[in-house]
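Written below as structure tokens is the structure these notes are about.
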Amino acid sequence: PGERTRRVQVVPGDLGSSAAAGVEAQMRSRAYFGRTCQSGSYSNEEYSAVPLLGKKLSFTIDLSGVGCGCNAALYMTSLRQNTNASSCSDFYCDANKVCGVPCAEIDIMEA
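According to the numbering used here, the sequence shown is numbered sequentially starting from 5.
Dropping the structure here:
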């Protein structure tokens with residue numbers, strides 16, 4: 005909060021191969037799954053609610069460039085269900101109220 009975030013880029017590729025598509029995040033950045041991508045004001049309806057019940061979530065992460073004191077995390081929160089705009093100028097919410105709005109959070113990885 006209060007700090008400008010850095011670049012996040014989508015890496016093109018084939019999800020079924022070793023040259024898989026992905027998301028590359030820089031320091032102080034975060035990425036969301038969204039149904040649309042447009043600049044301007046945010047709506048909580050634009051975030052994706054990924055139906056994982058009965059499914060498997062798998063991911064690969066390269067931590068080789070992460071230095072000491074850096075927190076690389078993958079977690080799920082209920083941004084789509086959150087109707088309260090946060091201090092981060094979006095609808096971000098988490099269990100620690102980082103941007104001022106609390107919501108349920110499931111930590112998948114924190115390294």
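Glycine included, each C-beta is placed from N, C-alpha and C at the ideal position.
Minimum C-alpha distance to residue i - residue among the options
i: E28; options: V70, S43, V54 and L83; result: V70
i: M80; options: C107, E49 and S91; result: C107
i: F37; options: S91, V102, A76 and Y96; result: Y96
i: S45; options: S90, I112, V102 and N100; result: S90
i: A77; options: P55, M113, G26 and Q30; result: M113
Spatial distance of residue i from residue j (CA atoms)
i: S52; j: R34; result: 15 Å
i: S62; j: N86; result: 25 Å
i: A115; j: K60; result: 21 Å
i: G58; j: E109; result: 19 Å
i: N88; j: R39; result: 19 Å
i: Q42; j: S68; result: 32 Å
i: T64; j: G26; result: 9 Å
Helix, strand or coil at residue i [DSSP, three-state]
i: P5; result: For P5, the pLDDT reaches just 49, beneath the cut-off of 50, and the residue's location in the model is therefore unreliable, leaving the point undetermined.
Cβ neighbour criterion (16 or more within 10 Å) applied to residue i
i: L83; result: buried
i: D111; result: exposed
i: D66; result: exposed
i: V105; result: buried
Closer than 8 Å to chain B by CB, residue i
i: L83; result: Protein chain content of the structure displayed is limited to a single chain, and chain B is not contained in it.
Opposing strand residues paired with residue i [DSSP bridges]
i: P106; result: D98
i: T81; result: E109
i: G73; result: Answer is none; G73 lacks a bridge partner.
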